[in-house]
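One structure below.
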DNA sequence: GTCGATTGTCTTGACGTCGAGATAGGTTGG
DNA sequence: CCAACCTATCTCGACGTCAAGACAATCGAC
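Okay, structure coming up:
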């Protein structure tokens, strides 16, 4: 089946036949798909009264394992936002009672953000919801195709994730 | 090579061994890669004094071919933003002299947005810059792998692009 | 024709993010 | 022990986006 990127590439080949636009076949699809996923996720999380950014922070803490705490700095690197943004997010989550700020006992500059019991429950519930939705989206592909796709994407993301950029 | 999503998935398998988190292998990589691409593009466009959103609008018009004009509504569907956002973008581009607003002769509710000569030049220059950067990112993959990846992604994007969602 | 629904664009207010800089604690070498 | 530098977090102002709704023009059914 044709998608928007097919149309986009065809248009470029017509308007700029001198250029090789093959890279767009991959990377424009990545960007557009991500955009669609954002919207879909927003809907899925709304059922659990969570915003996508809240999910990102709560699940980062949940994945850390007991006692479910990380520093703001560790949360930054996992969620790819700036420090000002993270301060703001922690404030709002704390106000909702989903996380709490604790002083870092080993570094008085530092802070530890810890998931509350309610925060943990919300993280678990919304993860289950997200996985159900994503499974539906991925039903387009066979298991083998999903594996291939994951492997190819890994090759592209690895340089970004390993060389700090 | 390992990436952040490998670490993320491993963490979930440790914390929630009861859940099947395979969907994340694909879709979390898509979202994270898109995030990295946004940052990289921002840098590439900065050399041409353009923001990513400006590029999106200018190139949509450029792709339309002479006389390089589209309605705001057509621009909406191509760029996946809301109408309020598009109004704002057109305002700013018009102020910079890269586009102009014309009344639609066939529908008095409507407007046509047309690229100026300078807008067209800037679109062409920045497209060349973007393609160079994207080629570098995709050098991780062989030509055949890029083709596979594009095809797999198309299967996921097609439903979003064809069933209005 | 005319009324109601629809379409296309713009307006508005709230919100989240960014980037730069401030603050304070920590670290290292002399 | 001090000075210079580094690190962790927070503060602040500017900005872009969104969602909802306003408004005007158009279309369709009767």
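Residue numbers (this note's numbering), protein chains in the order written: chain A, 1 to 165; chain B, 166 to 330.
Note that beta-carbon positions come from the ideal geometry of N, C-alpha and C, so glycine has one too.
| Query | Result |
| --- | --- |
| Proximity of residue 87 (chain A) and residue 72 (chain A) at Cβ, strictly below 8 Å | yes |
| Neighbour list for residue 188 (chain B) in chain A, Cβ cutoff strictly below 7 Å | 131, 134, 135, 138 |
| Assigned secondary structure, residue 165 (chain A) (DSSP; H/G/I helix, E/B strand, else coil) | Summary for residue 165 (chain A): the model assigns pLDDT 46, below 50, so the residue's position carries little reliability, and this model does not support an answer. |
| Own chain, CB closer than 7 Å to residue 165 (chain A), minus 5 neighbours either side, in chain order | For residue 165 (chain A), the pLDDT reaches just 46, beneath the cut-off of 50, and the residue's location in the model is therefore unreliable, although a value from the coordinates is still provided. If we look at residue 165 (chain A) and ignore the five residues flanking it on each side, it has no Cβ neighbours. |
| Beta-carbon proximity check, residue 226 (chain B) vs residue 276 (chain B), cutoff 8 Å | no |
| Bridge-paired residues (DSSP) for residue 69 (chain A) | A:114 |
| Closest by C-alpha distance to residue 159 (chain A), when choosing among B:302, B:258, B:257 | B:302 |
| Helix, strand or coil at residue 324 (chain B) according to DSSP, with G and I counted as helix | helix |
| 8 Å contact criterion, which residue 287 (chain B) and residue 240 (chain B) should meet: CB distance rounded | Actually they are not in contact, since the Cβ atoms of residue 287 (chain B) and residue 240 (chain B) sit about 17 Å apart, beyond 8 Å. |
| Residue 32 (chain A) classed as buried or exposed, judged by whether at least 16 other C-beta atoms fall within 10 angstroms | buried |
| Neighbour list for residue 1 (chain A) in chain B, Cβ cutoff strictly below 9 Å | 319, 320, 323, 324, 326, 327 |
| Beta-carbon proximity of residue 113 (chain A) to residue 78 (chain A), cut-off 8 Å | no |
| Span separating the alpha-carbon of residue 94 (chain A) from that of residue 14 (chain A) | 54 Å |
| Interface flag, residue 30 (chain A) vs chain B, CB-CB below 8 Å | yes |
| Reduced DSSP secondary structure (H/G/I, E/B, other) of residue 23 (chain A) | helix |
| CA-to-CA distance, residue 190 (chain B) to residue 54 (chain A), given in whole angstroms | 21 Å |
| Residues in the stretch 246 to 276 of chain B having any Cβ partner in chain A nearer than 9 Å | none |
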